[in-house]
Amino acid sequence: MDISRILNLQCILFILIAIGTITSKRGIIKPENKGVLTDLLIYIFLPANIISSFNMKFNLEIFIKFLLVLHFACLAQVICLFYSKKLYNNVEERKKKVLQYATVCSNAAFLGLPIIESIYGVEGVMYASVAMIPQRIVIWSAGISCFTRAESPMKVFKRVALHPCIIAVYIGLIYMVLPIKFPTPIEYTIKTIGNCTLSVSMILIGTMLGEIDNLSSIFSWLLVKYTMIRLFLIPLSALVVCYIFGLDYMSTGIVVLLSGMPAGSTTAILAAKFDGDYIFASKVVVFSTVMSVISISIWSLFLPYLF
4 MDISRILNLQ CILFILIAIG TITSKRGIIK PENKGVLTDL LIYIFLPANI ISSFNMKFNL
64 EIFIKFLLVL HFACLAQVIC LFYSKKLYNN VEERKKKVLQ YATVCSNAAF LGLPIIESIY
124 GVEGVMYASV AMIPQRIVIW SAGISCFTRA ESPMKVFKRV ALHPCIIAVY IGLIYMVLPI
184 KFPTPIEYTI KTIGNCTLSV SMILIGTMLG EIDNLSSIFS WLLVKYTMIR LFLIPLSALV
244 VCYIFGLDYM STGIVVLLSG MPAGSTTAIL AAKFDGDYIF ASKVVVFSTV MSVISISIWS
304 LFLPYLF
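Each residue of the sequence shown is one higher than the one before, starting from 4 at the first, in the working numbering.
Structure follows, in structure tokens:
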């Protein structure tokens, strides 16, 4: 991986986050309007980005890679579940719920897919969208159970199967396997919309920072501990597993980077809904997200030296 490319990516991320912070501070993007951008990201930009990534000829090699990425993504989720149960036993109960959920449920969809595309291109997005399936299952099963009773298997299945990004995977697979092509205007429209994903997701993260008056208030050693687990220990564990079994460079990078994403924004939402420490949860999301800009660059620079 070209070091200058990673440094350029880091600069782009900081600039986009700064834009989001400034627009939030100036009231251009108000807290009550963030939901609109979030919905656009979930229902429009991310699905378009995923569908566009499947625009290639299907072959046996791609199919085998799908299965490998899916398998190792499942192992990465097992690692997350293990650490969530073992590493927070001495933490106060309301904070413990938050940390356990934030350990198994990262922001891989909003932040991970755009980052993967910027490093590995649209082919990387295709494999990453498949790698996201195990996490979506965990979010609506073991993740929810951190705060309340887990949903029934049928409800979990419906939530995962009908998620806009999973539906985009279905469409992308059909588009790739069958000998059909979208008309040129539609194809370019999908591609253009999908290209908005990185910008919108980073600006959204910036708006979170803009809502905090005193950034020093988000620091604590418990947050540092969580962030080290989420951004370094989990991806390092995933890397060891991938390396031992000889997974290829791109697949390893996708699994490692996705497993090293910061806390998902739903952490604070669920904490507020189910009597978790929602103020602490908001700090977990913001602090880990800011630090992830650095950790992503570290992992992106380090991984090529192993292959």
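Even for Gly, the Cβ is constructed at its ideal location relative to N, Cα and C. Nothing here was measured: the structure is a model prediction, and the numbers come from that model.
- PHE113 sits close to LEU44, with the two beta carbons spaced by under 8 Å.
- Shown here for TYR178: same chain residues with a beta carbon closer than 6 Å to its own, the five before and five after excluded, namely PHE57 in chain order.
- Secondary structure at SER109: strand, using DSSP grouped into helix, strand and coil.
- For ASP42, the enclosing alpha helix (DSSP H) stretches over residues 37-43.
- Each residue's CA atom was taken as its position, placing ILE193 and VAL133 some 19 Å apart.
- For VAL259, the enclosing alpha helix (DSSP H) has its first and last residue at 252-262.
- Closest in alpha carbon position to SER291, among GLU96, PHE61, PRO34 and SER109, is SER109.
- For TYR46, same chain residues with a beta-carbon under 8 Å away, outside a window of 5 residues either side, are PRO167 in chain order.
- Cβ contact annotation for LEU19 (same chain, cutoff 7 Å, sequence separation greater than five): SER202, MET205, ILE206 and GLY209, in chain order.
- Under DSSP, ALA266 shares a beta bridge with SER109.
- Listed in chain order, the non-local C-beta contacts of TYR104 below 7 Å within the same chain comprise GLY146, CYS149, PHE150, THR270 and LEU273, local neighbours out to five positions each way being set aside.
- Of the candidates CYS77, CYS199, LEU12 and LYS28, the residue whose Cα lies closest to the Cα of THR41 is CYS199.
- Linking PRO50 to ILE221 through their CA atoms gives a straight-line distance of about 33 Å.
- With at least 16 other beta carbons inside 10 angstroms of its own, ASN52 counts as buried.
- Taking 8 Å as the cut-off, the Cβ atoms of TYR229 and VAL287 count as close.
- Excluding sequence positions up to five before and after PHE48, its CB lies within less than 7 Å of the CB of ILE196, GLY197, CYS199, THR200 and VAL203, all in the same chain and listed in chain order.
- Separation of the CB atoms of PHE283 and VAL101 is rounded to 6 Å, and the pair is thereby assigned contact status at 8 Å.
- Taking LEU73 as the centre and dropping the five residues before and after it, the same chain places the C-beta of VAL133, ALA134, ILE136 and PRO137 closer than 8 Å to its C-beta, in chain order.
- Rounded to whole angstroms, the Cβ separation of GLY263 and ILE237 is 6 Å, and the two are in contact under 8 Å.
- Pairing MET59 with GLU126 gives a Cβ-Cβ distance under 8 Å.
- Taking the Cα positions, VAL81 is about 21 Å away from ILE169.
- The Cβ-Cβ distance between LEU212 and THR24 falls below 8 Å.
- GLU64: member of the alpha helix (DSSP H) spanning 63-89, first to last residue.
- Look at MET231 here: in three-state DSSP terms it is helix.
- In summary, TYR130 is buried, with 16 or more beta-carbon neighbours lying within 10 Å of its beta-carbon over all protein chains present.
- Between VAL259 and LEU242, the C-beta spacing is below 8 Å.
- With fewer than 16 neighbouring CB atoms inside 10 Å of its own CB, ILE183 falls in the exposed class.
- For TYR191, the enclosing alpha helix (DSSP H) stretches over residues 187-197.
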